Amino acid sequence: MPWWAGLFGILVSLVWILLYRYYPGQSLAQIPVSALGRPLGIAVSMLFFVYFCLIGGWVLRNLSDFLNGTIMPRTPPTVFHVMFLFVVCYTVAQGVETVARLNQFVTPFLFFPFWFVLMLALSEWQWDRLQPVLQTNIGETMLRSHSFFGFPYLETLAMMMFLPHTGNRPGRSFVWGIGTASLSLSAIIFMIIGLVGVERASKLAYPVYTVVQEITSGGATINVHSVISVVLLILIFIKLLILVYGAYECLNQLFQPSVKWPFFIVLGTILCALALTIYDNPIQNIEWSTKYNFIFCCMFAIVLPVMLLAVTWFKAAIQKKKGMTRK
Amino acid sequence: MVAFHFWFLALTGAVLARLLWTKHLKDAVLFAVLALAAYGLWLPLANHRHYVITIFIERLIESIK
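Residue numbers (my numbering), protein chains in the order written: chain Z, 1 to 327; chain B, 1001 to 1065.
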């Protein structure tokens, strides 16, 4: 499933890269202004701002749900939201290089402990859990799993805010990133099926966490699940960092405010409220995501970019026609 | 409710006043618009009658269908 969804993610990212090639050096917030003119362009860019804020609120809520459900059940969710937003806003205020360097620094500390801890659980591995292989109706499974396209693949639209800051061949890095994420997700799903089985994993809220919680060594349970907690928290932090950067840069590039900090305060206030109102409870969230997440993400990640591309082609065609009539 | 208005107005009012005092008028207008949006999100939460955004989006999608 991640391979098929990853292929879809790569195809959609090619549309975004094509759009970027028409407007080199411009971010997702600037492209609509160049394509549609200032008033309409600002309206479309603000839609992207709303999208980043909504996903940001979602991420914050997922974070507090995870912490409330695993480690700190009595702490009010807003405490986690404020704490994370404080660090995120501080990092984003330092600029794009700080965001990039932080990710560069943190990634090895996430990758190796995560896989090392999962490898410790291999004593529980049973090949029987992976059987029967290829017995499901693949076509039907693909159609029913469309929510997988929205989360996480269409949400990578936020990375378009970073494209102007990347060096040569930004598109290639983007596609490589999506491809690597697909491989990584496939490997995680494969591991979870082999370690806990499809039946049990589908009933768990956080299967990776449960797998690691049950690791035993010499008959005794060892407590290494805090490693996974930290890895997951930092991963959520990175996603939030990218979304807050996207939302703030939308405001910054559209309105060019002379002071930064008031906008981080108000952005934090909006995100905290969104995190509390985005969904009712985790069950409603899962049900909603299965039904509507793809359509919701499509509006921002496919419809708007395709519309911008169409306008660009239309304008180019008109200019070409004008040039020909002048000759 | 009173506590909400106290912290919210103190926070946004102080920032807005500072922006106006330092004559950043454009920034003050943008900040006021965003603060109003934040107020609109926080007020139902303070009233314990908040709406759920995903349900709102769901209704929107269903009405388009």
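Glycine residues also receive a C-beta, built at the ideal position from the N, C-alpha and C atoms. Here the structure is a predicted model, which means the values were calculated and not measured.
- Under the DSSP assignment, B/Leu-1041 falls in the alpha helix (DSSP H) whose first and last residues are 1025-1046.
- Using beta-carbon distances, B/Leu-1020 does not count as an interface residue toward chain Z, since no partner is under 9 Å.
- Contiguous alpha helix (DSSP H) elements confined to the segment 16-99 of chain Z occur at 31-36, 38-70, 77-93, taking only those with 4 or more residues.
- Counting only Cβ-Cβ distances below 8 Å, Z/Ile-278 has contacts in chain B at Val-1052, Ile-1053, Thr-1054, in chain order.
- In the displayed model, Z/Thr-210 falls within a helix according to three-state DSSP.
- Contact annotation for B/His-1024 against chain Z: Pro-257, Ser-258, Val-259 [CB-CB distance below 8 Å, chain order].
- When only Cα atoms are considered, Z/Gln-135 and Z/Ala-35 end up about 48 Å apart.
- Put simply, the CB of B/Phe-1031 is near chain Z, with a gap under 9 Å to one of its CB atoms.
- The beta carbon of Z/Leu-19 is closer than 7 Å to those of Ile-31, Pro-305, Leu-308, Leu-309 in its chain, skipping five residues each way along the sequence.
- At a cut-off of 9 Å between C-beta atoms, Z/Gly-56 does not count as an interface residue with respect to chain B.
- DSSP, reduced to helix, strand and coil, places Z/Thr-216 within a strand of the structure shown.
- The Cβ atoms of Z/Ser-289 and Z/Phe-151 sit closer than 9 Å to each other.
- Minimum Cα-Cα distance from Z/Phe-264 among the listed residues Z/Thr-277, Z/Met-142, Z/Phe-84 corresponds to Z/Phe-84.
- Not flagged as an interface residue toward chain B: Z/Ile-302, since no C-beta distance is shorter than 9 Å.
- B/Leu-1030 sits away from Z/Pro-39, with the two beta carbons spaced by 9 Å or more.
- For B/Ala-1010, no chain Z residue has a C-beta closer than 8 Å to its own C-beta; the minimum C-beta separation is roughly 12 Å.
- Using beta-carbon distances, B/Ala-1003 does not count as an interface residue toward chain Z, since no partner is under 9 Å.
- Not flagged as an interface residue toward chain B: Z/Pro-152, since no C-beta distance is shorter than 9 Å.
- Taking 9 Å as the CB threshold, Z/Ile-188 stays off the interface with chain B.
- Chain-order list of chain Z residues neighbouring B/Trp-1007: empty, with the shortest C-beta distance near 10 Å, by a criterion of under 9 Å.
- For the 9 Å CB-CB criterion, Z/Gly-197 and Z/Gln-126 form a contact.
- The alpha carbon of B/Ile-1064 has as its nearest neighbour, out of Z/Ser-45, Z/Ile-318, Z/Ile-295, the alpha carbon of Z/Ile-295.
- Straight-line spacing of the CA atoms in Z/Leu-120 and Z/Ile-215 works out to 7 Å.
- Proximity of Z/Thr-156 to chain B, defined by a Cβ-Cβ separation below 9 Å, is not satisfied.
- Around the C-beta of Z/Val-99, 16 or more other C-beta atoms lie within 10 Å, and the residue is accordingly described as buried.
- Burial is judged here by how many other beta carbons sit within 10 angstroms of a residue's own beta carbon; Z/Ala-273 has at least 16 and is buried.
- Z/His-225 counts as buried, since at least 16 other C-beta atoms from the protein chains shown sit within 10 angstroms of its C-beta.
- Under a criterion of Cβ atoms nearer than 8 Å, the residues of chain B adjacent to Z/Ala-273 are, in order, Ala-1038, Leu-1041, Trp-1042, Leu-1045.
- With contacts defined by Cβ atoms closer than 9 Å, Z/Ser-27 and Z/Gln-253 form a contacting pair.
- Z/Val-88 does not reach chain B, its nearest Cβ partner there being about 17 Å away, counting only Cβ pairs nearer than 7 Å.
- Residue burial is scored here from C-beta neighbours: Z/Gly-56 has at least 16 other C-beta atoms within 10 angstroms and is therefore classed as buried.
- An exposed status is given to B/His-1005, since fewer than 16 other beta-carbon atoms sit within 10 Å of its beta-carbon.
- Within the segment 24-37 of chain Z, not one residue has a Cβ closer than 7 Å to any Cβ of chain B.
- Taking a beta-carbon distance threshold of 9 Å, Z/Leu-267 counts as an interface residue toward chain B.
- The residue among Z/Asp-128, Z/Pro-77, Z/Ala-43, Z/Leu-204 with its C-alpha nearest the C-alpha of Z/Ile-283 is Z/Leu-204.
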